[in-house]
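Residue numbers (the numbering used here): 133 to 250. Since the structure comes first, as C-alpha cells, the remarks are kept for the end.
Structure follows, in C-alpha cells:
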C-alpha cells in the first residue's frame, strides 16, 4: 500500500533485530502464529494469508590489515496463501469469496516479490 507520500506502507509489518540463531527461530514462529488458517476438504489447516520473512544478515570481519569490513546478505522467505479449487475444497459463501480474494492477491504479489530484490 502507498503511504500517500510515494512510499510504501505495509499494515502489520514488524521489524526485529536479533543477534543469535535461536532468536531467528522464535521470530519465525511468532510470525507463523499470526497467519490465518481455515479447514477445507483438501487441508485441515489451509493457509488464508501470505507470509513474507525478509532476513538481512550483517557480519563484521577484520581484514588481515586490521580494517573492519561488513558483509551483508539478504534472504526472503515467501509462503503464499493456499490457492485451492473452490469446488474441490468445498468452499461456500464466505470461504468461496475469501478464496477468490486470495487468487486476486496472488496476481498483485509479483511486484511485491520483485521489490524484495532491492
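Where a beta carbon is used, it is the ideal one built from N, C-alpha and C, also for glycine. A quick note: this is a predicted structure, and the numbers were derived from the prediction, not measured.
Query                                                                                                              : Result
Outcome for residue 165 when other beta-carbon atoms lying within 10 angstroms are tallied against a minimum of 16 : exposed
Boundaries (first-last residue) of the beta strand (DSSP E) holding residue 205                                    : 200–211
Residue 179 - DSSP class collapsed to helix/strand/coil                                                            : strand
When 186, 185 and 168 are compared against residue 179, the one with the closest alpha-carbon                      : 168
Where residue 247 falls, given that 16 or more other Cβ within 10 Å makes a residue buried                         : exposed
C-alpha gap between residue 212 and residue 189, whole angstroms                                                   : 23 Å
C-beta neighbour in chain D for residue 150, strict 8 Å                                                            : Absent from the structure is chain D; it holds one protein chain and no more.
Nearest-angstrom Cα separation, counted from residue 194 out to residue 145                                        : 34 Å
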